[in-house]
Amino acid sequence: MSFDIMLHTPTFALAVPLLFAFLTILLSKFSKKVGDVTFLLGLLLTGYFVFLMSYRIFTDGGWVYTFGAEEPITLNFFRITFIADGFAALATITIAITAIAAGIYSFGYLQKKMPSDKFYTLFLLTLGGVNGMVLTGDLFNLFVWFEVTSVASCALIAYENHRGRSVEAALKYMVLSVVGGLIVLFSIGLLYGQYGVLNYALLSGNISRIFLDKLALGLLLVIFAMKASSVPMHMWAPDAYGEAPGPATPFIAITSLGSLFVLFRLLFGVFGVGMDTAAVGAVLVILGVLSMFVGVTMALVQDDLKRLIAYLSVSQVGYMTMAVGVGLATLNTVEYQNFGELAMKGGFFHMINDGVYKALLFLSAVTVVHKTDLRSLNDLGGLAHKMPYTTVFFLVGAVSIAGIPPMSGFSSKLLIYRSVYLYNPILAVIALVVSIITFAIMGKVFFNAFLGPDQGLTDGEVSKLMLSGMAILTAMVIVFTLFPGLVVSELVTPAIEALSEGVIP
Amino acid sequence: MTLESILMTLPYITVVVLFSLGLFTVLFKKNLIKIIMGIALMQNGANLFLVSLAYRRGDYAPIFTSAESTDMVMPTAHALTLTSIVIGVATTALLLSFVIMIKKHYGSINTDDVRRCKE
Amino acid sequence: MNWKMSRIVRTVTNFLVVPIVIFGIYLILHGHLTPGGGFQGGAVVASATALLIIAYGSLGRHKKDFSTVEAIGLILFISIALLGIGSTMFYNFLAGTGGIFGGSVEGINPGYINTGGTVTLMNLAVGIEVSAALSLILWMMSKETGIMEPEKKTSTTGSEEVED
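For the record, the sequence lines run as chains A, B and C.
Per this note's numbering, residue 5 is the first one in the first sequence, and the count goes up by one each step.
Per this note's numbering, residue 184 is the first one in the second sequence, and the count goes up by one each step.
Per this note's numbering, residue 109 is the first one in the third sequence, and the count goes up by one each step.
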């Protein structure tokens, strides 16, 4: 029996965060330094296993990992499986990059402010939960990791429990998440009761268009879109992003990105063959357009820095939803070759872009709030004099989110405009208008907060650790800027092929 | 509508009643503790739904010790229900801790008073 | 205010705590034969803690150990799962081998505890973890809401966040 460590990497991508979460809280009882080192080790090991898994997927193709069987690759109907294909590789790479950057940032942030061992535990638990959500191939396992993620991220939002607002925001998000989880459980019960199997691959062969399946599809679509902060279920997003403690803010963004990944996996993998793809794609397009528009309109009137970026994040989710909706609507038709596949490429490229630059924007906003203790744009000003590095990082993120050439946001948005125009010209026009308004908002924020005469709000730059966290993300944005073609052909295309061919049995 | 068919669908009718009562409580009540109770009702409804899905006529409970015969109900749904109960305990504990914290900071647990986030 | 309850309640608690814990351990160990298992047994053991908190108003010297025990329980669980990595994770490498919990099952029998394999070990780990975690939750909640005697101030970290 040959022991191939590469085949086992999906479980390590899941087990290492969970193990190190509890090792951190155990070892930090001895000394604080040991706890910090354990946290960092856990993060880096997770990243290492994720990259190992992706390397194996890109060179050799995907596989299915069965838990508790004799061999890792066994076809078994009753065991829990993990699917490691191009889509899972794309998702876990995005999550790992952002988690490592946010983790290094939180290292510097938490040195003085609060007791940090529980923060690290909750951080690693959330990371393990999101990894489990995108990797799993079994419906009930999805529910388990969904709940783990929502519990851990809500506890993370309420971490600064000496402020009443954090706990209130966490309560609102938690009630929504728990009710959503129960509705997901209900629809999983519907599917299980009819077909008796919970595996994605087996279920996709059996799904048809009877009423109960359509009901399950609708419920799952709504709840995962709610988790991904798409309109009209986005009410929790400004409160949750705005009140989360510093380094946890990009992590809430990671959970919403993970839910979006899971939504696409479900729509293509489980329901793909049996449902009316044109209708569901049209629903996704409508949700996307609404999110784009409402997100950017609400961001115009905000003067709280973090809430503004939260509304912009809602509108970016709309871009992704719309692009993948166009791809889904044209699946299995001739138009897919023309523009559907291009739309999917744009959508997925936008997802990995957005994960990186949104985290960068949130981290620089958190730096500003942390250093000056001010949150409103009316009070901020002239920060570029004393905080040059933060200004540059924020500028990179702002240019990227506005979709201005040559930054990476422009590449993905160009793909989206070109393909969506062929589907329906009005959508491309709306996307362009939203992008222009985003540019205007980002310009206003940048000029207000960073340029202008020095008002003496801050006394210098933040610590090196926080800067290095943001620098990692900036480096990734620049890499995506310089090599967009490489990213699309290496990372995104395997993901699309894995999705549109259905799940590996 | 024979008696047998009504008896067979009675668990599902109970599930719908429990779920909608819980949903009504979460949506329309103002006291935070009542909202959490509504969530608990919904959890019970979902668990009952999962257990009642697994039943087949004439089969026994899947306990191996001194069983009557080996015609047993397949226990997959029971395992799912158990997991769901555990998750319910965890989320209820976290929600109740949030309510304790809110009472400490705001002084009341009425949702009309707990609304500082928009200022 | 006197935080303890009356003498009758305290005496009955003294009698009852041990059978409750033993019953909980029985549920944990027989998880693969009768309804029970890690979570159920752990919850029963945690109810003994609830009884102690209400009857006595404090937990004495043993409060700091809960989170350590919880972390140890979970690390044990994941370690036993990872031990089967020769085949896959969570592989039951003790079943039918004649080792600690190995043993074979034939037909319908009164049920021997020896046949569980890694299931029994994992039940134990989960039972330890759940009882410690639920006791920790109960202790922290009662500290906040004031049904427990306030402790002498030894550290000033304020109230700690409850985690799972």
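Positions of the beta carbon are idealized from the N, C-alpha and C atoms, including for glycine.
Everything numeric in this text was worked out from a predicted model, so none of it was measured.
Can you tell me whether residue i is helix, strand or coil according to DSSP?
i: Phe198(C); result: coil
i: Glu302(B); result: With a pLDDT of 47 at Glu302(B), under the threshold of 50, the modelled position of that residue is not reliable, and the figure given next carries that caveat. It is coil, neither helix nor strand.
i: Ala162(A); result: coil
i: Phe454(A); result: coil
i: Ala88(A); result: strand
i: Val496(A); result: helix
i: Thr15(A); result: helix
i: Thr253(B); result: coil
i: Asn293(B); result: strand
i: Val117(C); result: helix
i: Val126(C); result: helix
i: Trp111(C); result: coil
i: Ser380(A); result: strand
i: Tyr421(A); result: helix
i: Tyr69(A); result: strand
i: Asp142(A); result: strand
i: Tyr220(C); result: coil
i: Asn214(B); result: strand
i: Asn336(A); result: coil
i: Asn203(A); result: strand
Please list the partners that residue i has in chain B, where partner means a Cβ-to-Cβ separation under 8 Å.
i: Phe174(C); result: Chain B residues near Phe174(C): none, gap ~14 Å exceeds 8 Å.
i: Phe86(A); result: Within chain B, no residue comes near Phe86(A); the closest Cβ sits about 17 Å away, beyond 8 Å.
Just to make sure I have the definition right: I need the residues of chain B whose C-beta is within less than 9 Å of the C-beta of residue i. Which are they?
i: Glu164(A); result: Neighbours of Glu164(A) on chain B: none; closest Cβ ~11 Å, over 9 Å.
i: Val293(A); result: Residues of chain B passing the Cβ test: none, with the nearest at roughly 26 Å.
Between the alpha carbons of residue i and residue j, how many angstroms are there, rounded?
i: Leu471(A); j: Thr274(B); result: 36 Å
i: Phe43(A); j: Pro251(A); result: 14 Å
i: Thr226(C); j: His374(A); result: 49 Å
i: Asn135(A); j: Phe86(A); result: 11 Å
i: Ala282(A); j: Gly329(A); result: 9 Å
i: Asp307(A); j: Val491(A); result: 36 Å
i: Ser114(C); j: Phe53(A); result: 58 Å
i: Ser208(A); j: Ala260(B); result: 20 Å
i: Ala163(C); j: Pro258(C); result: 15 Å
i: Leu141(C); j: Ile246(B); result: 7 Å
i: Phe34(A); j: Ser280(B); result: 27 Å
i: Ile221(C); j: Phe71(A); result: 24 Å
i: Ala103(A); j: Leu294(A); result: 29 Å
i: Ala240(C); j: Thr223(C); result: 27 Å
i: Val171(A); j: Ser154(A); result: 15 Å
i: Arg239(B); j: Phe232(B); result: 14 Å
i: Leu304(A); j: Ser439(A); result: 13 Å
Return the residue from the list the options that minimises the CA-CA distance to residue i.
i: Val360(A); options: Lys33(A), Thr63(A), Asn210(A), Thr96(A); result: Thr96(A)
i: Asn227(B); options: Met284(B), Lys287(B), Phe202(B); result: Phe202(B)
i: Glu345(A); options: Met355(A), Leu332(A), Val372(A); result: Leu332(A)
i: Val20(A); options: Ser423(A), Asn452(A), Ile445(A), Gly133(A); result: Gly133(A)
i: Val152(A); options: Arg269(A), Leu126(A), Phe24(A); result: Leu126(A)
i: Leu45(A); options: Lys122(A), Phe454(A), Leu27(A); result: Leu27(A)
i: Val129(C); options: Gln148(C), Gly139(C), Asp173(C), Val152(C); result: Val152(C)
i: Gly197(A); options: Ile283(B), Leu206(B), Lys286(B), Ala229(B); result: Ala229(B)
i: Leu210(B); options: Tyr195(B), Lys287(B), Ile222(B); result: Ile222(B)
i: Met256(C); options: Ala158(C), Asn200(C), Leu190(C), Pro127(C); result: Ala158(C)
i: Thr343(A); options: Leu419(A), Ala244(A), Val483(A); result: The amino acid at residue 343(A) is misidentified as Thr; the sequence shows Phe. Nearest C-alpha to Phe343(A): Leu419(A).
i: Gly150(C); options: Met248(C), Thr176(C), Lys251(C), Gly181(C); result: Gly181(C)
Which whole-angstrom value is the C-beta distance of residue i and residue j, which I expect to be below 8 Å?
i: Ile133(C); j: Gly146(C); result: That belief does not hold up - the Cβ atoms of Ile133(C) and Gly146(C) are roughly 11 Å apart, past 8 Å.
i: Leu223(A); j: Ser181(A); result: The Cβ separation is near 15 Å, so there is no contact.
i: Ala220(A); j: Leu194(A); result: 5 Å
i: Val183(A); j: Met225(B); result: 7 Å
i: Val179(A); j: Ile216(B); result: In fact, because the Cβ distance is near 12 Å, the residues do not count as touching under 8 Å.
i: Gly141(A); j: Ala100(A); result: Not a contact, Cβ separation roughly 20 Å.
i: Gly83(C); j: Lys112(C); result: Chain C is shown from 109 up to 272; residue 83(C) falls before or after that span and cannot be answered.
i: Asp121(A); j: Gly39(A); result: 5 Å
i: Phe255(A); j: Thr130(A); result: 6 Å
i: Ile500(A); j: Lys349(A); result: 6 Å
i: Leu232(C); j: Ala154(C); result: Not really, about 16 Å apart at Cβ, beyond 8 Å.
i: Tyr289(B); j: Asp295(B); result: Incorrect: roughly 11 Å between the Cβ atoms, too far for contact.
i: Val266(A); j: Ile227(A); result: That pair is no contact at about 10 Å.
If the cut is a Cβ gap below 7 Å, which residues of chain A does residue i touch?
i: Leu190(C); result: Ala19
i: Ile196(B); result: Here the premise fails: no neighbours, minimum Cβ distance about 15 Å.
i: Phe211(B); result: What Phe211(B) touches in chain A: nothing, since even the nearest Cβ is about 14 Å away.
Name the chain B residues whose beta carbon is nearer than 7 Å to that of residue i?
i: Glu178(C); result: Residues of chain B passing the Cβ test: none, with the nearest at roughly 13 Å.
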